[in-house]
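Residue numbers (the working numbering), protein chains in the order written: chain L, 1 to 515; chain G, 516 to 677.
Since the structure comes first, as structure tokens, the remarks are kept for the end.
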């Protein structure tokens with residue numbers, strides 16, 4: 001099919017419409033969202049008043065008409081050069097993305113859409129020029145069309161004839177990882193466990209509310225409330241705390257299962273990494289491998305305590321809702337490093353598990369001062385508050401507990417600092433609450449910044465930040481020695497800094513030249 | 516053990532008129548910060564507002580006297596066939612280097628104050644959202660000339676610069 005497209009002249013490529021079944025998905029989704037309004041309209045109001053029915057029907061008709069209008073006015077096509085999308089009736093929008101800029105294709109099928117066999121296709125491209133919006137979304141097309149689009153859009157052979165077309169026999173792809181249900185144990189250790197409390201709480205409350213039950217009417221709940229009120233405060237707090245923790249853990253596991261059910265990471269024959277996952281909402285994220293600029297191992301502190309981690313792809317044009325390019329759920333640390341290694345075709349010791357160089361002692365001093373000074377101000381404030389308002393006299397002494405916590409965090413932040421230059425990657429690690437180890441392709445570095453505050457100047461430290469088009473756009477090596485920083489940057493991107501390096505200081509082939 | 520960054524400063528300085536530009540900006544800051552205080556003082560008549568206005572004026576005037584010449588000494592830029600290189604910041608120093616081969620757009624900018632003084636800025640953007648390099652306080656003609664040469668150089672380089 002791509003062969004046809006390349007032969008056909010630009011204008012001969014026919015326009016295509018979204019799948020007609022979206023006419024059902026949109027209104028049903030809209031109606032579900034509007035259901036409360038309609039219900040209120042129908043329930044309230046005087047009996048016999050016919051008007052409210054008309055209002056409800058009018059809302060329904062408007063939603064359906066809106067869907068039809070959107071279907072009629074939206075069309076797209078893939079020319080040899082660009083992907084074009086025209087939308088809108090009164091306000092026409094034309095969006096066009098050059099195909100060689102496409103970096104990721106993200107397929108999402110929400111539950112209602114799945115019932116009708118539909119999928120939303122999100123195409124993300126490199127940021128490019130400011131005026132060019134980065135990407136477009138097709139909402140929705142059939143599952144088969146989505147798969148065809150995914151293959152066609154990320155197929156390098158379509159616009160690079162030097163590459164052979166993918167062989168149909170190997171089109172299945174190679175499986176790199178799949179879900180292991182024992183990973184469920186990491187679910188409560190992620191920050192989504194807090195969201196879990198909300199999710200479970202809201203679901204339970206909705207359910208109870210839908211049936212018109214006041215929780216206090218349930219005998220068991222009522223009795224429990226009475227007993228809690230009778231018990232000492234600390235016991236009541238303990239019980240509530242444990243209950244919340246259990247709910248959070250359960251909620252996190254439910255969210256984990258919904259998100260990562262049937263997770264598979266594959267390397268497709270067309271040179272993309274593909275993450276497929278989801279129970280109710282099926283998602284598929286495809287990252288063009290030649291646009292992969294590295295990998296990050298993220299370890300939020302609880303997950304780190306449980307010896308877990310998560311590998312993310314550093315690629316240009318990963319959309320915000322693609323969960324930062326997560327290639328896997330929270331997994332055992334070794335598995336995270338393994339996935340990073342297979343994704344980047346590098347030994348773990350050359351990327352995220354490279355032995356890191358420690359940062360100078362002075363960096364520890366800075367971690368401590370940066371953690372302790374604001375905490376000391378907080379503590380002083382708490383004491384002042386305690387003196388001013390006698391009822392809050394406990395605030396000062398209680399806040400003292402923050403000091404050792406801040407100190408521990410500062411020490412951990414220093415311990416985690418590290419960097420290393422390997423054959424093809426710049427590896428840097430920092431953070432305590434979320435420890436992040438980033439392996440960034442040296443050829444992906446498109447610029448450097450060195451930043452030095454007066455304090456850092458005195459300590460002889462500097463923050464070196466490597467810019468890249470991928471991921472967070474910049475990755476820093478925090479508080480490294482001034483001479484080492486320049487040597488590191490100079491070695492990582494040969495010739496770029498060389499004309500500006502002061503050779504008197506950097507004459508010795510020391511820190512920059514690493515094995 | 517103060518260790519200097521082993522990078523030589525970029526070759527060129529900003530236009531001497533940039534000092535006036537920075538001073539004018541400090542003056543504007545004074546109007547924005549001090550103006551409301553004076554107006555309130557006049558309206559309400561609370562004495563302490565007069566004092567805070569005085570302190571604000573003192574601080575901003577001190578800044579306007581001392582910092583702009585300092586900035587002029589520190590701010591430097593250089594463009595070679597290979598890279599754009601700038602040094603800026605009087606309190607927090609910042610050295611920025613971007614390779615010419617990865618430059619995506621070159622923009623010139625003349626704000627109202629800059630137009631008044633015949634100044635301009637050149638911003639060089641790369642594919643990294645954080646990697647832009649800005650050269651400020653150039654004479655308008657120099658800015659235009661620099662933008663022209665930069666555009667020519669970057670157009671000669673192939674690839675999509677990511």
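Ideal Cβ positions, reconstructed from N, Cα and C, are used throughout, including at glycine.
Spatial neighbours of residue i within its chain, please: CB distance less than 6 Å, with the 5 preceding and 5 following residues excluded, ordered by chain position.
i: residue 524 of chain G; result: 591, 602
i: residue 111 of chain L; result: 280
i: residue 433 of chain L; result: 301
i: residue 17 of chain L; result: 75
i: residue 531 of chain G; result: none
i: residue 662 of chain G; result: 621, 623, 637
i: residue 458 of chain L; result: none
i: residue 372 of chain L; result: 406
With a 10 Å radius around its C-beta and 16 neighbouring C-beta atoms as the bar for buried, classify residue i as buried or exposed.
i: residue 519 of chain G; result: exposed
i: residue 536 of chain G; result: buried
i: residue 140 of chain L; result: buried
i: residue 621 of chain G; result: buried
i: residue 562 of chain G; result: exposed
i: residue 291 of chain L; result: buried
i: residue 498 of chain L; result: exposed
i: residue 410 of chain L; result: buried
i: residue 521 of chain G; result: buried
i: residue 33 of chain L; result: exposed
i: residue 128 of chain L; result: Because the pLDDT of residue 128 of chain L is 47, which lies under 50, any placement of that residue in the model is unreliable, and the number read from its coordinates should be weighed accordingly. Burial call: buried.
i: residue 495 of chain L; result: exposed
i: residue 652 of chain G; result: buried
Kindly list the residues whose CB is nearer than 7 Å to the CB of residue i, restricted to its own chain and excluding five residues on each side of it in sequence; keep chain order.
i: residue 282 of chain L; result: 109, 114
i: residue 227 of chain L; result: none
i: residue 564 of chain G; result: 552, 555, 556
i: residue 160 of chain L; result: Because the pLDDT of residue 160 of chain L is 47, which lies under 50, any placement of that residue in the model is unreliable, and the number read from its coordinates should be weighed accordingly. Cβ within range, chain order: n/a, list empty.
i: residue 169 of chain L; result: Note on residue 169 of chain L: pLDDT 43, under 50, position unreliable in the model; no value is reported.
i: residue 97 of chain L; result: 82, 83, 123, 125, 135, 136
i: residue 326 of chain L; result: 310, 312
Measuring CA to CA, which of the options is closest to residue i?
i: residue 25 of chain L; options: L/118, L/98, L/75, L/231; result: L/118
i: residue 534 of chain G; options: G/556, G/635, G/582; result: G/582
i: residue 67 of chain L; options: L/88, L/239, L/35, L/390; result: L/88
i: residue 27 of chain L; options: L/57, L/482, L/123; result: L/57
i: residue 657 of chain G; options: G/641, G/563, G/594, G/589; result: G/594
i: residue 541 of chain G; options: G/584, G/589, G/530, G/558; result: G/584
i: residue 529 of chain G; options: G/543, G/558, G/618, G/649; result: G/649
i: residue 36 of chain L; options: L/22, L/59, L/15; result: L/59
i: residue 369 of chain L; options: L/262, L/503, L/53, L/406; result: L/406
i: residue 402 of chain L; options: L/390, L/391, L/381; result: L/381
i: residue 471 of chain L; options: L/431, L/241, L/91, L/287; result: L/287
i: residue 607 of chain G; options: L/147, L/422, L/449; result: L/449
i: residue 655 of chain G; options: G/645, G/646, G/631, G/668; result: G/631
i: residue 437 of chain L; options: L/314, L/296, L/120; result: L/296
i: residue 427 of chain L; options: L/239, L/445, L/412, L/22; result: L/445
i: residue 360 of chain L; options: L/500, L/152, L/461; result: L/461
Which residues bound the beta strand (DSSP E) around residue i?
i: residue 580 of chain L; result: Residue 580 of chain L falls outside the range modelled here, since chain L spans only 1 to 515, and no answer is possible.
i: residue 450 of chain L; result: 445-452
i: residue 337 of chain L; result: Taken as a continuous stretch (DSSP letters only), residue 337 of chain L belongs to no beta strand (DSSP E), being part of the alpha helix (DSSP H) at 333-344.
i: residue 635 of chain G; result: 634-641
i: residue 93 of chain L; result: 93-98
i: residue 389 of chain L; result: From DSSP, residue 389 of chain L is part of no beta strand (DSSP E); its letter is neither H nor E.
i: residue 78 of chain L; result: 75-78
Taking the continuous alpha helix (DSSP H) assigned at residue i, which residues delimit it?
i: residue 578 of chain G; result: 562-589
i: residue 414 of chain L; result: 402-416
i: residue 535 of chain G; result: 533-559
i: residue 664 of chain G; result: 655-671
i: residue 238 of chain L; result: 233-260
i: residue 147 of chain L; result: 143-154
i: residue 484 of chain L; result: 482-492
For residue i, I'd like the list of residues in its chain whose CB is within less than 8 Å of its CB, leaving aside the five on either flank, ordered along the chain.
i: residue 574 of chain G; result: none
i: residue 572 of chain G; result: 545, 549
i: residue 424 of chain L; result: 346, 350, 441, 442, 443
i: residue 358 of chain L; result: 417, 418
i: residue 596 of chain G; result: 615, 668
Evaluate contact between the segment 486-496 of chain L and the segment 389-408 of chain L, counting only Cβ atoms and requiring at least three cross-stretch pairs below 8 Å.
no
Between the segment 142-156 of chain L and the segment 302-309 of chain L, can you find at least three pairs of beta-carbon atoms closer than 8 Å?
no
Is there contact between the segment 173-190 of chain L and the segment 262-270 of chain L, where contact requires at least three CB pairs shorter than 8 Å?
yes
Between the segment 310-317 of chain L and the segment 92-107 of chain L, do three or more beta carbon pairs fall short of 8 Å?
yes
Can you pull out the residues from the segment 633-649 of chain G whose beta carbon lies closer than 8 Å to at least one beta carbon of chain A?
Considering every chain present, this structure includes no chain A. Its protein chains are L and G.
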